[in-house]
Every structure is written in C-alpha cells, then in structure tokens.
Amino acid sequence: MTPEEFRNNLDRAIDKTAEEMKEVMQVAAVSAKNILKTRIQNKGLNRQYSRNPLPIFFFNGRALNAGGRALLQKKKKLGEGISYEEWRKAQGLPVDKVNLTYTGKMFGGWNQPGSERKGLVIRGFVGGINKEVRDKLKWNKSRFPDFDKPTPEEKKFIKENLVAPRLKELLQKNLFNR
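According to numbering that gives the first Met the number 0, the sequence shown holds residues 0 to 177 in order.
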C-alpha cells in the first residue's frame, strides 16, 4: 500500500466513523435527557413554588382533577387568587420542590432525537415532538437556563458508558476491519 492509499483509507475510515457516531450521539442525548429528567423529578431544582396569588382566570380550564376544580370554585366564590403552590397541593402534586412536572407533557414529548456534524465534531440533541412541547421547553429554559443541561457527573457517565466504548468499537471496525 502506498502512503497515498494509506492516507485515503485512513480518511475514509475516520469519515465513516464520524458519520456512524451521529446515531450514537442521538442515543447519548436521549439517555442524558432521561437521566436529567429523573434527577429533576426526584430531586427538584432547588426552588420553591410561588406562594403569590394569581388571578383566577389563569387557572380556568387547567385543573387536572376534582381537587383543582374544587379549589377553583372555592376561590371564585371568595374572590381570591390562587398561588401555584396551593394549586398543585389541591391536586395532590408535590410542592416540596420544583420538578417541572404538571401534566407530564413536556418530559413525555421531549424525545425527538437529532444530531449534527461539523467536521469531526458530532453533537447530539433532543427536541420537542410538537409546538406545545417546544414552547414548554423554551418557557422553562427562560426560567431555569440550565435545566436541560446534564451535570458534569451525568456527562461523564454517558461518555464512559456509551460514547467512548462505541467510538472505540467503530474505530476498530473502520480502521482495522474488526
């Protein structure tokens, strides 16, 4: 094999590996999203739900169950507003931490994987499956800028247990036909 043939083979192997890593990065992104979702729902975001009353109209048509509807009727009769903490509590939802889960639609619909490649840099990401989910993600991002970011420990776990082993396998396959 000539040096030029070797270089061409190496370039092809690297290019093929980079292309195949796009799918791996999609899986990594979905995995990271699932890990951070579990963390947020179990541990919360170190915030408390608001105790400031909001006007009744804010809650019209948004009750999840009879508890929410009963609170809404009661507060309408009294002419009082409802705090978000009170609203969640009336419906049996946790109020000890902000977990970004009311209906579950945001986390449930945050599962549209994607990837992009720029040279040898491959990035995986996860988006919302529809406008409603994308709007919820955008709104929560404006309130909690890092809520969609895995922690350094979570990134390390994904890298060591998914990305690095798969990259090694692909390089061995594409460079050495193993």
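Each residue gets a CB set at the ideal place from its N, CA and C atoms; glycine is no exception.
Contacting residues, own chain, Cβ-Cβ under 6 angstroms from residue i (five flanking each side not counted)
i	result
residue 68	62
residue 156	none
Other residues of its chain near residue i: CB distance less than 7 angstroms, five sequence neighbours each side excluded
i	result
residue 40	98 and 100
residue 165	23
residue 132	104, 105, 108 and 109
residue 28	112, 123, 124 and 125
residue 19	169
residue 52	79, 80, 81 and 82
Cβ-Cβ distance between residue i and residue j below 9 angstroms
i	j	result
residue 32	residue 125	yes
residue 30	residue 84	no
residue 103	residue 127	no
residue 110	residue 91	no
residue 144	residue 26	no
residue 150	residue 46	no
Contact set for residue i: own chain, Cβ-Cβ below 8 angstroms, skip 5 residues either direction
i	result
residue 59	71
residue 74	55, 80 and 81
Coil, strand or helix - residue i by DSSP
i	result
residue 142	helix
residue 53	strand
residue 66	helix
residue 26	helix
For residue i: DSSP bridge partner residues
i	result
residue 124	113
residue 81	53
Cβ pair count under 8 angstroms reaching 3, the region 85 to 99 against the region 10 to 17: no
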